[in-house]
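Residue numbers (this note's numbering): 1302 to 1666. Backbone N, C-alpha and C define an ideal beta-carbon position, used for all residues, glycine too. What you are looking at is a predicted structure, and each value in this text was computed from that prediction instead of being measured. The next block holds one structure in the form of structure tokens; read it before the comments.
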DNA sequence: TCCCAGTTTCCTGTTT
DNA sequence: GAAACAGGAAACTGGG
């Protein structure tokens, strides 16, 4: 039916030569007179009770006119090299084919951009692009999050493949795929590459965390000096403070995400908020660690550092007090606050509180 | 080469 | 007493 509408009705009633308002009128006339059945099939009322006119269908049909997902050339290219057609085709494959979203809910025309532009979009920018006046905001946000995640999974995979080609003997955090993280035994799947997006430089630390306690080359005392006396042999290996020497320099990569950005990303991600971290007072940027060790573990996972603890992580957080990126919240334990120089943490749904319609239609969440 | 920002580790002391 | 917090110190990295 959709195909029929796209190929016939749309072409007939929505001539490209006509100005948009006229075409919308035509479509409404068409809908009222003849095509209620079609309209009902495109937007089943039980799923979209808020849809009361044909404009939604109209706008999306318009989108289809501009959009021809015929190409699959994106499959053999890196995101960076996609042209606008390939970007749109990938969006279709990702959102519709793979994740089963309704094709009429995706404003494809907003995604007629190059892969280079797409990969530089932030999560909220993707959300903005996905928003459409005639599509439910929560639905758009859900699609956008899916698209964003899949995009960064793909980018991660591209980097991983390049990394394997360049350093086949080395294992980096990028070996963590999008469906589970090697060595991470938790219910949480930190597959949101936004959390890792710019963390490529983190793999410079990979050697850091591979120091074996028995390694003669690493027999440093706690004061950082070499020592080989009996006491040190008895004591378990104690890593000296700071980053050990010997990290291999590689290609220049973007600087890692900072601790405040990492926290912000967790708080804006439904998979982590409110299960392990949540907003205490979103208007003030206050948040609470629900499972501080899990957050630290995620940070360590991202940094390829199995030794990360909340104690160390919180020290990194406290470092940001001095620049007012974070501010302390006295008296409240495990509660911190973004400062005036902190990252943008705006969201219209802190802690992902279910809206009424979602509660009434749990199958749609 | 130097400096700075950011991070990690260790540590001591304080507060809850 | 344990956990959380605060912050100094040192060592390191990447970037300007």
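Close Cβ partners of residue 1385 (< 7 Å) along its chain, the five nearest in sequence each way excluded: Answer for residue 1385: 1413, 1414, 1415, listed in chain order.
Straight-line Cα distance separating residue 1407 from residue 1442: The alpha-carbon atoms of residue 1442 and residue 1407 are separated by roughly 11 Å.
Stretch pair the segment 1560-1575 + the segment 1587-1604: three plus CB contacts closer than 8 Å: Taking 8 Å as the limit for Cβ pairs, the verdict is that the segment 1587-1604 does touch the segment 1560-1575.
Distance between residue 1627 and residue 1633 (C-alpha atoms, nearest Å): When rounded, the distance between both Cα atoms is 15 Å.
Proximal residues to residue 1643 (C-beta, below 7 Å), its chain only, five neighbours per side dropped: Excluding sequence neighbours, residue 1643 sits near 1561, 1586, 1626, 1627.
Buried versus exposed, by CB contacts within 10 Å (16 or more), residue 1620: Residue 1620 should be labelled exposed.
CB of residue 1388 within 9 Å of CB of residue 1451, strictly: Against a cut-off of 9 Å, the Cβ pair of residue 1451 and residue 1388 comes out as no contact.
Whether residue 1569 touches residue 1455 by CB criterion (9 Å): No, the pair does not count as a contact, with Cβ atoms beyond the cut-off.
Buried or exposed by the 16-neighbour rule on C-beta atoms within 10 Å, applied to residue 1428: So residue 1428 ends up on the buried side.
Bridge-paired residues (DSSP) for residue 1587: Residue 1587 is bridged to 1582, 1638.
Backbone secondary structure at residue 1599 - three-state DSSP: Here residue 1599 sits in helix by DSSP.
Alpha-carbon to alpha-carbon, residue 1579 and residue 1404: So the two alpha carbons sit approximately 33 Å from each other.
Residue 1377 beta carbon less than 9 Å from that of residue 1390: For residue 1390 and residue 1377, no; Cβs fall outside 9 Å.
Close Cβ partners of residue 1589 (< 6 Å) along its chain, the five nearest in sequence each way excluded: Excluding positions up to five away in sequence, the list reads 1579, 1581, 1635, 1636.
For residue 1573 and residue 1684, the rounded distance between their alpha carbons: Nothing can be reported for residue 1684: it is not among the residues displayed for the chain, which extend from 1302 to 1666.
CA nearest to the CA of residue 1444, picked from 1435, 1649, 1420, 1402: For residue 1444, the nearest C-alpha among the options comes from 1402.
Per-residue DSSP class, three states only, for residue 1654: Three-state DSSP puts residue 1654 in coil, outside helix and strand.
Residue 1409 versus residue 1647: straight-line alpha-carbon distance, rounded: Approximately 25 Å between the Cα atoms of the pair.
Three-state secondary structure assigned by DSSP to residue 1627: In this structure, DSSP gives residue 1627 an extended state, which the three-state scheme calls strand.
Outcome for residue 1622 when other beta-carbon atoms lying within 10 angstroms are tallied against a minimum of 16: Residue environment for residue 1622: exposed (fewer than 16 other C-beta atoms within 10 angstroms of its C-beta).
Among 1382, 1392, 1438, 1393, the one whose alpha carbon lies nearest that of residue 1649: The option with the nearest alpha carbon to residue 1649 is 1438.
Residue 1411 and residue 1431 closer than 9 Å at C-beta: Their beta carbons are under 9 Å apart, which means residue 1411 touches residue 1431 by this criterion.
Spatial distance of residue 1433 from residue 1631 (CA atoms): Cα-Cα distance, rounded: 43 Å.
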